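In mature numbering (1 follows the signal peptide of the UniProt record, and there is no 0), the protein residues as written are -18 to -1, 1 to 186. Just so you know, even glycine gets a beta-carbon here, dropped at the ideal spot from N, CA and C. Quick caveat: nothing in here was measured; it's all calculated off a predicted structure. Since the structure comes first, as structure tokens, the remarks are kept for the end.
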Amino acid sequence: MFKHIIILIATVVVSAFAHHLNGAPHVASARLKGGDVDGNITFTQLDDNKVRVQGTIIGLTPGQYGFHVHEKGDLSNGCASTGAHYNPENQPHGHPDDKERHVGDLGNVEFDANNIATIDFVDSLLSLEGDHNIIGRAVVLHERADDFGRTNHPDSRKTGNAGGRVACGVIGIQDPVYYTYIWSGASRTSSTFIILLTLVLFLY
Ligand SMILES: [Cu+2]
Ligand SMILES: [Zn+2]
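Structure follows, in structure tokens:
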């Protein structure tokens, strides 16, 4: 009886662990660079299918600057080759709280008197998996504030008229880093099964 309880507990623990391994990366990160601008941004997948965006960027004078996820993680021609705003739902440009917006529309970041921007917000459209997956794409910081599609400028509903691209970085997997190492080559389901079988045999 005692042994069965142990096995039950072990199964639950291993299943929970395997579920974590099977899931999407929990944290992605990007190093944002361009001219005097330098920053690190992390994207953390929250349990309720939202992503928390956190980071610090230095190097711009006080003010608001457009901040987006662009569709390509291609820096072969600098920030220019990162493509348009990430827009898998084919919507017009907007504010992060708008119903109609690009998935990549993250609004503005604000630089303070020390030329530092501190970023910490939760976005409801970004994801580290599935249809809105931002991994392998780019974060881009612009030379002007994003107008959220609310002016008469011809670029307003396309880009927020935020001007040129000042800094950018590719979004990559940060955690779990062991994912491909441990599970490469074998199907995840069978790997889970083998671990469970080994555990059961060991306990008996
Ligand atoms: Cu942009
Ligand atoms: Zn946009």
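By the CB criterion at 8 Å, PRO74 and GLY89 fall outside the cutoff. When DSSP assignments are scanned along the region 93 to 174, the uninterrupted stretches of beta strand (DSSP E) that are 3 or more residues long and fall wholly within it turn out to be 98 to 105, 120 to 124, 147 to 152 and 154 to 157. Looking at the DSSP output, GLY89 sits in no beta bridge, so it has no partner there. Taking a cut-off of 8 Å on C-beta distances, the region 57 to 70 touches the region 118 to 131, as three or more cross pairs fall below it. Shown in chain order are the residues whose CB sits closer than 5 Å to a heavy atom of ligand 2: HIS67, HIS75, HIS84 and ASP87.
CA-to-CA, the gap between GLU82 and SER106 works out to about 13 Å.
Under the three-pair Cβ rule at 8 Å, the region 11 to 24 counts as touching the region 39 to 46. Remark: the C-beta of ALA144 is in contact range of ligand 1, defined as less than 7 Å to any heavy atom. Straight-line measurement puts the Cα of HIS8 at about 32 Å from the Cα of PRO44.
When rounded, the separation of the alpha-carbon atoms in ASP102 and PRO136 is 30 Å. When distances are taken from the beta-carbon of GLY48 to the heavy atoms of ligand 1, the shortest one is below 7 Å. Taking each of SER138, ASP128 and GLN27 in turn and checking the Cα distance to VAL91, the smallest one comes out for ASP128.
Closest in alpha carbon position to ASN143, among GLY151, VAL152 and PHE130, is PHE130. By DSSP's assignment, HIS8 forms no beta bridge with any residue.
Rounded to whole angstroms, the separation of the alpha carbons of VAL152 and SER58 is 11 Å. Annotated as proximal: ALA149 and GLY17, with beta-carbon spacing under 8 Å. For VAL122, the Cβ falls inside the 7 Å cut-off from some heavy atom of ligand 1. Residue range 58 to 61 is occupied by the beta strand (DSSP E) that includes ASN59.
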